[in-house]
Amino acid sequence: MARGLFVTGTDTGVGKTVVAAALVRRLARTGARVVGMKPVAAGGLLATPDGLVNEDVIALRAAGNVDAPLAAVNPYVFEAPIAPHIGAAWAGVEISLDRIRDAHTALAADADAVVVEGAGGFLVPLSDTLSFADVAVALGLPVVLVVGMRLGCLNHALLTREAVLARGLRLAGWVANRIDPGMAAFDDNLATLTARMQAPRLAVVPHLAAMETSSVTIDWPPGD
Ligand SMILES: Nc1ncnc2c1ncn2[C@@H]1O[C@H](COP(=O)(O)OP(=O)(O)OP(=O)(O)O)[C@@H](O)[C@H]1O
Ligand SMILES: [Mg+2]
């Protein structure tokens, strides 16, 4: 089993958390100790006994079976729902790759697998020089790409595939997530992606009612 995965998406709001949590549950079902990680979160803060916590972090923690410290699961959190490097600048914080790597190392010490969710898409900036792609490279994780199935997604998916491969990372698979139930020519778009992604299609997730998104299942490893 891979020591973990890096879940990215074609955009923000395309189902990364839904898929990352499903992968965490899938791996946990094999008996492995699995923890989710959201290195950088912006906005979506909810009141919890641990204080204000980002909603993706709450979902990933609920899916996992390792009781990991919040500061390791989510080293950086910013209040405003904006691009992380801007949220960081507003907070007077410089996002450090070393701090993310250290947090990941701490999680990996107590888990068999760490499923890391990005923020937004693959090249989202984290500082003047860093992007989320650098996190994936620093952690050396195979990438799972969540494609939010809507008009425009073919270009976003294929660009992301190129960006992943250009960094020497493995595209471990992709998920077609039907976020727009009204997408025209869904089957044709799905067939185009399936022909061009040249990586395992892990799942086609139908459009679901809100309550159902926490029970999505994803096969892992592919073809199992
Ligand atoms: N297949 C689906 N059917 C219906 N709703 C979905 C589906 N997948 C995701 N959603 C909903 O779309 C919204 C965005 O999903 P999610 O939070 O997983 O996206 P994300 O890519 O993680 O976003 P972010 O960039 O904010 O982290 C959520 O409200 C989620 O419940
Ligand atoms: Mg998310």
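According to this note's numbering, the sequence shown holds residues 20 to 243 in order.
Every residue gets a Cβ at the ideal spot worked out from N, C-alpha and C, and that includes glycine.
As the structure is a prediction and not an experimental result, all values here were calculated from the model.
{"Asked": "Of the listed residues Arg52, Pro241 and Val224, nearest to Gly167 (C-alpha basis)", "Found": "Val224"}
{"Asked": "Cβ pair count under 8 angstroms reaching 3, the segment 109-126 against the segment 84-95", "Found": "yes"}
{"Asked": "Candidates Val133, Asn73, Pro219 and Pro144: closest to Glu113 by CA position", "Found": "Pro144"}
{"Asked": "Which residues DSSP lists as bridging Pro144, in chain order", "Found": "Ser150"}
{"Asked": "Length of the line joining the Cα atoms of Gly159 and Gly70", "Found": "31 angstroms"}
{"Asked": "For Glu136: DSSP bridge partner residues", "Found": "Val26"}
{"Asked": "beta-carbon Val251 near ligand 1 non-hydrogen atom, thresh 7 angstroms", "Found": "In the structure as shown, the chain starts at 20 and stops at 243, and residue 251 therefore has no counterpart that could be examined."}
{"Asked": "Per-residue burial, Glu136 [other beta carbons within 10 Å of its own, 16 or more giving buried]", "Found": "buried"}
{"Asked": "The alpha helix (DSSP H) enclosing Leu184, as first and last residue numbers", "Found": "Cys172 to Ala185"}
{"Asked": "Nearest-angstrom Cα separation, counted from Gly111 out to Asn208", "Found": "43 angstroms"}
{"Asked": "Paired residues, beta bridge with Met230 - DSSP", "Found": "Partner(s): none; Met230 has no beta bridge."}
{"Asked": "Segment contact flag, the segment 230-237 with the segment 40-53, C-beta cutoff 8 angstroms, min 3 pairs", "Found": "yes"}
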